Amino acid sequence: MSEQNHGFSHRWFDEVWNKGNEGAIDSLRHTGAIAYGFPSADSALTTEGFKEAYRQFKSVFSEIHVTIDEEVVQGDHVACRWTATGLHTGDGLGFPATRKRIAFSGASFMHLRDGKLADAWNFFDFTKVIQELREP
Amino acid sequence: MSHSHHEFVVRWFDEVWNKGREEAIDEMAQPDAQCFGFPQPESVLNHEEFKAYVREFRHTFTHIHIKVDETVSEGYRVAVRWTGTMKHTGSGLGFAPTGRTVTIIGMSLLHLRDGLISKGWNALDLDSAVTHLSAISARH
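Chains as they are written, first to last, in my numbering: chain A, 10 to 145; chain B, 11 to 150.
Here you go:
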């Protein structure tokens, strides 16, 4: 079981974020799944809410790339830490695009069922990313 | 193996954070251990720096309680997500204490060597809590 779950975090971030393949959200994620902690620490998003936040994020940042720094798998539970980079090219944060490059690290915990995402928890300091973009 | 890693992590947060027993850091982490991502995403602390920062943190926050929500363990590595609650009673953040209790969620990924922590990565949005407390402090 855990053998086939190895690499799931790579697959998810590659397809959904690096390739920008929105269809992968449906193929890699159960309909009832909840995503916690994205985009804010207190977020809890259903599939439609997640897709909305995903589109919003991609309208603010382009050239998004997430690198998995490490993945830990125990049965149906996957934890990973990652580094994300992107370019701030959209106005959706409430202030104009700065064209600054961002880089931030974070982590995700994923619960899988039948090889698909059932629930996920995300942790990163997005407050700091926004603070840095606001700095002149 | 994974069962003992879970117990180890629960003990770490209990001893170091909930009980505030600084000696537990020496007992449970290697002398050359490194801590990444706490308190700031870019932080890198050695053993002594980590101890000093925990002391400083405990001057700013009291009634600290960290609950382990989940551990995921494989080989010599264990990842943990946790929920921390604490009361803001000190001025270490650069503004007056608010007396408010804040909840911070986060995760840690630990590497163990010979049963002790050798490296730890952390991810959390501490800045969100600090910004929130700063706004409350400014109003009073």
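We put the beta carbon where it would ideally sit given N, CA and C, even for glycine. Please read these numbers as outputs of a predicted model, since none were measured by experiment.
Legend entry - Neighbour list for lysine 137(A) in chain B, Cβ cutoff strictly below 7 Å: Pro51 and Asp137
Inset, instruction - In the DSSP assignment, find the unbroken beta strand (DSSP E) run with serine 162(B) in it and report its ends. - result: Because chain B spans 11 through 150 in this model, residue 162(B) falls outside it and cannot be assessed.
Inset, instruction - Determine the direct distance from the alpha carbon of threonine 95(B) to that of threonine 76(A), and round the result to whole angstroms. - result: 31 Å
Inset, instruction - Output yes if chain A places a C-beta closer than 8 Å to the C-beta of alanine 43(B); else output no. - result: no
Inset, instruction - Mark threonine 108(B) as exposed unless 16 or more other C-beta atoms lie within 10 angstroms of its C-beta, in which case mark it buried. - result: buried
Inset, instruction - State the start and end residues of the unbroken beta strand (DSSP E) segment that holds phenylalanine 113(A). - result: 110-122
Legend entry - histidine 86(A): contacting residues in chain B (beta-carbon distance under 8 Å): Glu80 and Val82
Inset, instruction - Label alanine 62(B) either buried or exposed according to how many other C-beta atoms from any shown protein chain fall within 10 Å of its C-beta, with 16 as the threshold for buried. - result: exposed
Legend entry - tryptophan 130(A) beta carbon less than 8 Å from that of arginine 110(B): no
Legend entry - Below-8 Å beta-carbon distance, tryptophan 131(B) vs any chain A residue: yes
Legend entry - Proximal chain A residues relative to threonine 141(B), where beta-carbon distance stays under 8 Å: Thr136
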